[in-house]
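Colleague: In this note's numbering, the protein residues as written are 75 to 128. A virtual CB, placed ideally from N, CA and C, is assigned to each residue, including glycine.
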């Protein structure tokens, strides 16, 4: 799933689920875990992306 976001382009939940061959529920749960680990961030528009390097 992180590979789908590695290009720096934000993607919607539906795009991520389709790209990872997961249901929307499975993708949502996985993204929540990745958010808690601060590996992805959810933007105001609802899309997900990897956080900028500090």
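#1: If you run the structure through DSSP and keep just helix, strand and coil, what is residue 123?
#2: Locate the alpha helix (DSSP H) running through residue 102, then write down its first and last residues.
#3: Do you know offhand how far residue 80's Cα is from residue 117's?
#4: List the endpoints of the continuous alpha helix (DSSP H) containing residue 77.
#5: Got a sec, what are the start and stop residues for the alpha helix (DSSP H) residue 93 sits in?
Modeller: By the coordinates alone:
#1: Translated into the one-based positions of the chain shown, residue 123 becomes position 49. Strand, per DSSP.
#2: Position 28 of the chain shown holds residue 102. Segment 98-110, the alpha helix (DSSP H) holding residue 102.
#3: Reading the chain shown from its first residue, position 6 is the one you call residue 80. Reading the chain shown from its first residue, position 43 is the one you call residue 117. Roughly 16 Å separates the two Cα atoms.
#4: As a first step, residue 77 must be located in the chain shown, where it is residue number 3. Unbroken alpha helix (DSSP H) run through residue 77: 76-79.
#5: As a position in the chain shown, residue 93 is number 19, starting the count at 1. 87-93 is the extent of the alpha helix (DSSP H) around residue 93.
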